[in-house]
Amino acid sequence: MIMNNSKDKLAQAQRLVALRHSKGLTAAQLAQAMTEAGAKVSRGAISNWERGTNGIVSSKLPTLARILGCSEGYLLRGDINTDTSANVDNTTPNSKGSHAIQEDNKQAIMKKTDDNTDKSQEAHKKDISQNVTLAVPTETHPTKQQDESQATQVTADSHINSPNKAKDGKTMSELKKSDKLQNVCYDIRGPLLKAANKMEAEGQRILKLNVGNPAPFGFDAPHEILRDVAMNLPDAIGYSDSQGVFSARKAVLQYYQAKGLLSAVDVRDVYLGNGVSELIVMTMQALMSDGDEVLIPMPDYPLWTAAANLAGGTAVHYRCNEEDNWHPDIEDIKSKITSKTKGIVIINPNNPTGALYTDELLEQIIEVAIQHDLVIMADEIYDRVLYDDMTHTPMSTLTDQVLILSYSGLSKSHRIAGFRAGWMMVSGKKQHATDFIEGLDMLASMRLCSNVPGQYAIQTAMGGYQSMKELTSTKGRLFKQRELTISRLNAIPGISCTMPQGAFYCFPKMDPAIYPVENDMEFMMDLLVAEKVLMVQGTGFNWDAPDHFRVVFLPNLDELENAMDRLDRFFAKKRKQYGTDKIKDAQVKDTQASKPETLEA
Ligand SMILES: Cc1ncc(COP(=O)(O)O)c(C=O)c1O
0 MIMNNSKDKL AQAQRLVALR HSKGLTAAQL AQAMTEAGAK VSRGAISNWE RGTNGIVSSK
60 LPTLARILGC SEGYLLRGDI NTDTSANVDN TTPNSKGSHA IQEDNKQAIM KKTDDNTDKS
120 QEAHKKDISQ NVTLAVPTET HPTKQQDESQ ATQVTADSHI NSPNKAKDGK TMSELKKSDK
180 LQNVCYDIRG PLLKAANKME AEGQRILKLN VGNPAPFGFD APHEILRDVA MNLPDAIGYS
240 DSQGVFSARK AVLQYYQAKG LLSAVDVRDV YLGNGVSELI VMTMQALMSD GDEVLIPMPD
300 YPLWTAAANL AGGTAVHYRC NEEDNWHPDI EDIKSKITSK TKGIVIINPN NPTGALYTDE
360 LLEQIIEVAI QHDLVIMADE IYDRVLYDDM THTPMSTLTD QVLILSYSGL SKSHRIAGFR
420 AGWMMVSGKK QHATDFIEGL DMLASMRLCS NVPGQYAIQT AMGGYQSMKE LTSTKGRLFK
480 QRELTISRLN AIPGISCTMP QGAFYCFPKM DPAIYPVEND MEFMMDLLVA EKVLMVQGTG
540 FNWDAPDHFR VVFLPNLDEL ENAMDRLDRF FAKKRKQYGT DKIKDAQVKD TQASKPETLE
600 A
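So for the sequence shown, numbering that gives the first Met the number 0 puts the first residue at 0; every next one is plus one.
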């Protein structure tokens with residue numbers, strides 16, 4: 000028998016999904032139950048296991064099996080004959096013996112197929128599973144020579160190195176990714192994108208509404224920036240100071256000073272990075288010891304969560320309320336603070352919701368941070384992408400009573416994401432933070448410096464004419480694209496979307512009464528295969544229910560119209576499939592009535 004590790008992982012993944020469903024748990028609830036039981040995992044780790052991206056970690060297996068009421072052997076290999084009694088938790092009213100679960104399992108999987116009476120749907124499912132299979136990172140497959148005894152050692156436990164024979168006959172251990180990555184999940188470039196890339200390689204054309212990268216959508220970078228970077232190239236050949244070139248850091252400082260920066264800062268307080276991304280990872284590495292917690296919005300820009308978990312900390316998500324224009328819920332923030340909480344992340348304007356926060360709300364967050372001595376990390380990368388004459392208030396201009404780390408860069412405002420030009424400024428209360436700042440300096444030195452040609456874009460970009468204003472004004476391209484996207488989404492029965500006030504994203508809701516979606520990634524995969532539109536599912540932004548998705552409205556009006564036509568068709572088909580097209584008149588009207596007023600326009 001030849002053991003196929005990739006197939007094992009997928010089978011393991013299917014068992015896990017079915018067991019979790021049979022227990023009536025969401026992935027987030029399962030992660031929480033495991034963490035409470037002493038086996039810390041993130042929702043992202045569960046997602047990785049359920050997709051077969053990672054095998055279940057051996058150290059978490061006993062707790063997982065206990066919570067799911069099955070044997071470890073069943074979870075790992077689908078063993079039916081093992082004596083499972085030792086591992087079955089019969090104490091909970093819901094718990095079932097493993098054989099019962101196995102039956103539930105099979106029935107759940109079979110039911111899924113039976114329910115699918117529509118032949119074309121069936122074809123889609125096949126396509127999807129093909130794509131998903133191919134989307135799983137390539138594994139080292141056992142060779143033909145591998146005998147059965149060897150193969151049986153290749154358990155689905157990804158952390159037991161398993162012997163493989165290479166073509167030259169030498170035995171090799173399978174090279175596994177580090178345990179540190181178990182809790183890391185970054186779906187913006189995850190399985191859906193891999194499937195889309197594969198479809199593109201086969202010659203299909205995909206409408207991509209999935210990443211906030213302006214350049215491919217025809218947003219030109221300001222000519223002056225390109226010219227200045229080119230002019231400075233001869234000076235940008237060697238490493239720079241690890242925090243960045245002086246002139247660029249000074250310009251960053253002056254940008255915040257002109258906006259009313261409250262505390263005294265110096266060029267030494269500014270760090271240039273390979274985009275904000277690198278600085279987020281650096282901050283989390285410098286800040287978080289094992290077990291420390293950081294408050295991160297839900298939904299979030301998922302790098303924040305991934306970086307906190309990668310650093311050994313725990314991302315604790317606070318809720319942003321859709322009914323309140325996606326503003327952070329202050330009471331929820333307060334309720335989630337513990338003795339381990341080190342800081343709070345604010346993304347303003349927000350990705351993925353497009354929300355812009357009021358000064359009053361920011362003041363409330365500052366109050367909480369002062370009370371609990373939290374570091375505020377303000378991700379303000381969209382501070383210049385604003386609609387409707389709105390203004391943005393930088394966190395650093397509102398207080399000097401706590402340590403504030405402000406992040407921004409030129410990827411969005413100046414459409415030069417590829418230059419990797421970002422910065423972080425340290426302001427506010429710093430006396431108590433000398434050791435942490437030393438950590439930041441150490442990490443900045445370890446990577447020597449950020450991309451030096453990109454640093455030369457910064458001084459030019461900080462002042463002078465800002466072409467983004469033109470793009471977001473009522474006559475501008477981004478404004479028109481936002482209007483079209485939001486009005487078309489809100490015209491779809493059972494879909495509602497708040498109006499973004501900044502950035503170029505929106506985060507529409509699918510009414511669960513009309514679209515009872517169980518797995519939003521699968522749902523988005525269906526959309527990709529059926530309509531060739533690529534978007535990221537809401538749980539990819541650490542949202543805790545499978546009822547949202549993110550739309551990037553960077554494509555031009557024609558492309559957006561086209562994408563919205565396809566969405567219309569897809570959602571109509573789904574309503575039919577769910578049998579909710581009939582309740583349209585009664586229920587959908589209710590949904591429409593509760594849509595925000597701004598969307599009527
Ligand atoms: C909120 C947020 N922060 C940070 C980043 C990373 O930006 P950069 O290109 O500067 O690494 C992004 C990119 O989409 C973002 O949306």
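Glycine included, C-beta positions come from ideal geometry on N, C-alpha and C.
Query raised in the report: So which residues touch the region around ligand 1, with touch meaning a C-beta under 6 Å from any heavy atom?
Result: Listed by chain position, these are 211, 274, 275, 276, 300, 346, 350, 378, 380, 408, 410, 416, 421.
Query raised in the report: Going by the CB atoms, is the gap between residue 424 and residue 240 shorter than 7 Å?
Result: Residue numbering aside, residue 240 sits at position 241 when the sequence shown is read from its first letter. Residue numbering aside, residue 424 sits at position 425 when the sequence shown is read from its first letter. Not in contact: residue 240 and residue 424 (Cβ atoms no closer than 7 Å).
Requested in this report: Verify whether the separation of the beta carbon atoms of residue 376 and residue 342 is less than 7 Å.
Outcome: As a first step, residue 376 is located in the sequence shown; it is residue number 377 there, counting from the start. As a first step, residue 342 is located in the sequence shown; it is residue number 343 there, counting from the start. Yes, the pair counts as a contact, with Cβ atoms nearer than the cut-off.
Query raised in the report: Out of 475, 422, 232, 438, which has the shortest C-alpha to C-alpha gap to residue 449?
Result: For the purposes of this step, residue 449 is identified with residue 450 of the sequence shown, where counting begins at 1. That would be 422, whose Cα lies nearest to the Cα of residue 449.
Query raised in the report: Can you name, in chain order, every residue of its own chain whose Cβ lies under 7 Å from the Cβ of residue 245, other than the five neighbours on each side?
Result: Counting from 1 along the sequence shown, the entry for residue 245 is found at position 246. Hits under 7 Å: 266.
Report task. Could you pull the start and end residues of the beta strand (DSSP E) that residue 270 belongs to? Result -> Taking the first residue of the sequence shown as position 1, residue 270 is located at position 271. From DSSP, the beta strand (DSSP E) with residue 270 extends over 269-273.
Query - Cβ-based burial, residue 206 [other Cβ within 10 Å; buried from 16] - result: Indexing the sequence shown from 1 puts residue 206 at position 207. Its Cβ being crowded by 16 or more others within 10 Å, residue 206 is buried.
Query raised in the report: CB residue 452 to CB residue 194, shorter than 7 Å?
Result: Here residue 452 refers to the residue found at position 453 when the sequence shown is read from its first residue. Here residue 194 refers to the residue found at position 195 when the sequence shown is read from its first residue. No. Outside cutoff.
Query raised in the report: For residue 300, does the count of other Cβ atoms within 10 angstroms reach 16, so buried, or fall short, so exposed?
Result: As a working note, residue 300 is residue 301 in the sequence shown. With 16 or more other Cβ atoms within 10 Å, it is buried.
Requested in this report: Sort out for me which residues DSSP pairs residue 533 with in a bridge.
Outcome: Locating residue 533 in the sequence shown gives position 534, counting from the first residue. 207.
Report task. Return the residue from the list 203, 278, 510, 259 that minimises the CA-CA distance to residue 321. Result -> As a position in the sequence shown, residue 321 is number 322, starting the count at 1. When each option's Cα is compared against that of residue 321, the closest is 510.
Query raised in the report: In whole angstroms, what separates the C-alpha of residue 199 from that of residue 47?
Result: On the sequence shown, residue 199 is found 200 positions in, with the first residue counted as 1. On the sequence shown, residue 47 is found 48 positions in, with the first residue counted as 1. Distance from the CA atom of residue 199 to the CA atom of residue 47, rounded to whole angstroms, is 24 Å.
Requested in this report: Use the C-beta contact count for residue 490: other C-beta atoms within 10 angstroms, 16 or more gives buried, fewer gives exposed.
Outcome: If you number the sequence shown from 1, residue 490 lands on position 491. Per the 10 Å Cβ criterion, exposed.
**Report entry** Alpha-carbon spacing of residue 522 relative to residue 191, whole angstroms
**Finding:** Mapped onto the sequence shown, residue 522 falls at position 523. Mapped onto the sequence shown, residue 191 falls at position 192. About 11 Å.
Requested in this report: Would you mind stating whether residue 335 and residue 315 have Cβ atoms separated by less than 7 Å?
Outcome: Indexing the sequence shown from 1 puts residue 335 at position 336. Indexing the sequence shown from 1 puts residue 315 at position 316. Going by beta carbons, residue 335 and residue 315 fall inside the 7 Å limit.
Requested in this report: Measure the Cβ-Cβ separation of residue 498 and residue 485 and say whether it is below 7 Å.
Outcome: Numbered from 1 along the sequence shown, position 499 holds the residue referred to as residue 498. Numbered from 1 along the sequence shown, position 486 holds the residue referred to as residue 485. Yes, the pair counts as a contact, with Cβ atoms nearer than the cut-off.
Query raised in the report: So, using beta-carbon positions, are residue 414 and residue 214 closer together than 7 Å?
Result: Residue 414 sits at position 415 when you count from the first residue of the sequence shown. Residue 214 sits at position 215 when you count from the first residue of the sequence shown. In contact: residue 414 and residue 214 (Cβ atoms closer than 7 Å).
Requested in this report: Just mark residue 257 as buried or exposed, buried being the case when its beta carbon has 16 or more other beta carbons within 10 Å.
Outcome: Indexing the sequence shown from 1 puts residue 257 at position 258. So residue 257 ends up on the exposed side.
Query raised in the report: Under 7 Å between the Cβ atoms of residue 208 and residue 524?
Result: As a position in the sequence shown, residue 208 is number 209, starting the count at 1. As a position in the sequence shown, residue 524 is number 525, starting the count at 1. No Cβ-Cβ contact shorter than 7 Å links residue 208 with residue 524.
Query raised in the report: How long is the line joining the alpha carbons of residue 429 and residue 310, rounded to whole angstroms?
Result: For this step, residue 429 is matched to residue 430 along the sequence shown. For this step, residue 310 is matched to residue 311 along the sequence shown. Taking the straight line from one Cα to the other gives about 22 Å.
Report task. Note down the Cα distance separating residue 516 from residue 569, rounded to an integer number of angstroms. Result -> Position 517 of the sequence shown holds residue 516. Position 570 of the sequence shown holds residue 569. Distance between residue 516 and residue 569, taken at the CA atoms: about 14 Å.
Query raised in the report: Cβ of residue 32 within 7 Å of Cβ of residue 42?
Result: Looking up residue 32 in the sequence shown gives position 33. Looking up residue 42 in the sequence shown gives position 43. No, Cβ-Cβ distance for residue 32 and residue 42 is not below 7 Å.
Query - DSSP state of residue 427 mapped onto helix, strand, coil - result: Position 428 of the sequence shown, counting from 1, holds the residue named residue 427. Three-state DSSP puts residue 427 in a strand.
Query raised in the report: When you compare only the Cα positions, how much space is there between residue 345 and residue 295?
Result: Residue numbering aside, residue 345 sits at position 346 when the sequence shown is read from its first letter. Residue numbering aside, residue 295 sits at position 296 when the sequence shown is read from its first letter. Distance between the alpha carbons of residue 345 and residue 295: 7 Å.
Report task. Could you spell out where the beta strand (DSSP E) holding residue 64 opens and where it closes? Result -> Position 65 of the sequence shown, counted from the first residue, corresponds to residue 64. Run containing residue 64: none in the beta strand (DSSP E); it sits in the alpha helix (DSSP H), 60-67.
Query raised in the report: Nearest chain C C-beta to residue 315 closer than 7 Å, yes or no?
Result: Annotation note: the requested chain C is absent from the structure, which comprises a single protein chain.
Query raised in the report: Does the beta carbon of residue 23 fall short of 6 Å from some heavy atom of ligand 3?
Result: The model on display carries ligand 1 but not ligand 3.
Report task. Spatial neighbours of residue 605 within its chain, please: CB distance less than 6 Å, with the 5 preceding and 5 following residues excluded, ordered by chain position. Result -> Residue 605 lies beyond the residue range present for the chain, which begins at 0 and ends at 600; the question has no answer from this structure.
**Report entry** Nonlocal neighbours in the same chain, by C-beta distance under 8 Å from residue 357, ignoring five residues either side
**Finding:** Translated into the one-based positions of the sequence shown, residue 357 becomes position 358. The beta carbon of residue 357 sits closer than 8 Å to those of 326, all from its chain and outside the five residues before and after it, given in chain order.
Query - Alpha-carbon to alpha-carbon, residue 253 and residue 458 - result: On the sequence shown, residue 458 is found 459 positions in, with the first residue counted as 1. On the sequence shown, residue 253 is found 254 positions in, with the first residue counted as 1. Approximately 10 Å between the Cα atoms of the pair.
Query - Neighbour-count burial assignment, residue 11, 16 or more Cβ in a 10 Å radius - result: Residue 11 sits at position 12 when you count from the first residue of the sequence shown. Burial call: buried.
**Report entry** Beta-carbon proximity list for residue 369, same chain, < 7 Å, skipping 5 on both sides
**Finding:** Here residue 369 is taken as the residue at index 370 of the sequence shown, counted from 1. For residue 369, same chain residues with a beta-carbon under 7 Å away, outside a window of 5 residues either side, are 400, 401 in chain order.
Query - 7 Å Cβ cutoff met for residue 501 and residue 374 - result: In the sequence shown, residue 501 corresponds to position 502, counting from 1. In the sequence shown, residue 374 corresponds to position 375, counting from 1. The answer is no: Cβ separation not under 7 Å.
**Report entry** Burial state of residue 179 (16 or more Cβ within 10 Å)
**Finding:** Position 180 of the sequence shown, counted from the start, is the residue given in the question as residue 179. So residue 179 ends up on the exposed side.
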